[in-house]
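Chains C and P supply the protein sequences, listed in that same order.
Going by the working numbering, the first residue of the first sequence is number 10, and it counts up by one from there.
Going by the working numbering, the first residue of the second sequence is number 980, and it counts up by one from there.
Notes to accompany the following structure.
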Amino acid sequence: MIPLIAIVQVHPHPGRRIRLWLPLFLVWLLLVVLGLVLSPLILIACLIARLNPFTAIWSLIGVFVAMAGTDIEVEAPEATIIVRVI
Amino acid sequence: MDQDRRRILDLLADGKINADEAERLITALGGGRGPDAAAAPSRRPAPKYLRVVVDAGAGYGEGPAKVNVRIPMQLLRAGVRLGALIPVQAREQVNAALRDNGIPLDVSQIRPDNLEALIEQLGDFNVDVDDGHAKVRVFCE
């Protein structure tokens, strides 16, 4: 399943906790538009690198899709940072 | 089959054979767990996440720190598929760099089907390092 939301929490010690809910579905929409605009360049790059452009794009999409469930927590004396991809 | 088993149990009760012999005879009759049951390894579900947990004490860097990372195995699979897109020249450079560092690995040989076998075995994978100041654990769940 495509990750739809990323939660980023930053808690400086001392300081106020900042919690951000990033709607990734908007990022995907932007990436789709960007990909369409840049498609000629992507095609040329794939031709130069002798890669199948469809395989390349599909593999990249696979990496983005597989990010769901990633969880990173870093706790240091200065701050605690949590990144979750849902 | 039941008569044979009863005879074995009678022999055991009479003290003519001991428990080990009785067990062996019953197994030979197919009354035990059976060779298939004994040979079949217990199937564990494939791990879903790779976890890296670091707990560094005050002796490290500027202070105590904890890191807890959970990476989906799916991302590993996707990464391997992406690795197949590495241009040949770059792949040779990566192989050479790995060889120089004592890792004779050909990255072109890492394929999704090979990775599945690796991931299945990762269920038992557990790295636990404790040097007194910091603890590092790498495992799959």
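Idealized CB from N, CA, C, for every residue including glycine.
All figures in this text were calculated on a predicted structure; none of them were measured in a lab.
Under 7 Å Cβ-Cβ, which residues of chain C neighbour GLN1053/P?
-> The answer, in chain order, is ALA75.
Neighbourhood of ALA1016/P by C-beta distance below 8 Å, restricted to the same chain and skipping five residues each side = In this prediction, ALA1016/P has a pLDDT of 47, which is less than 50 and means its spatial position is unreliable; nothing more can be read from the coordinates.
Given 8 Å as the limit, is there contact between the region 71 to 79 of chain C and the region 1057 to 1064 of chain P, that is, 3 or more CB pairs closer than that?
-> yes
Cβ-Cβ distance between ARG984/P and ILE1005/P below 8 Å | yes
Could you confirm whether any beta carbon from chain P is found closer than 8 Å to the beta carbon of ALA54/C?
-> no
So PRO119/C is in the beta strand (DSSP E); what residue range does that whole segment cover?
-> The requested residue 119/C is not part of the displayed model; chain C covers only 10 to 95.
Cutoff 6 Å; reference ARG93/C; Cβ partners in own chain excluding five residues on either side = ILE16, ASP80
If you count every other CB in all the chains shown that lies within 10 Å of the CB of ALA1121/P, and 16 or more means buried, which is it?
-> The structure shown does not extend to residue 1121/P, since chain P is modelled only from 980 through 1120, so no value can be given for it.
Taking Cβ-Cβ distances below 8 Å as the criterion, which residues of the region 33 to 65 of chain C are in contact with chain P?
-> ALA58, ARG59, LEU60, THR64, ALA65
Taking LEU40/C as the reference, which of ALA85/C, ILE66/C, GLN18/C has the closest Cα?
-> Residue nearest to LEU40/C within the set ALA85/C, ILE66/C, GLN18/C is ILE66/C (criterion: CA-CA distance).
Do you know offhand how far LEU47/C's Cα is from ARG1030/P's?
-> 36 Å
When burial is assigned at 16 or more other CB atoms within 10 Å of the CB, is ALA1025/P buried or exposed?
-> Within 10 angstroms of the beta-carbon of ALA1025/P lie fewer than 16 other beta-carbons, which makes it exposed.
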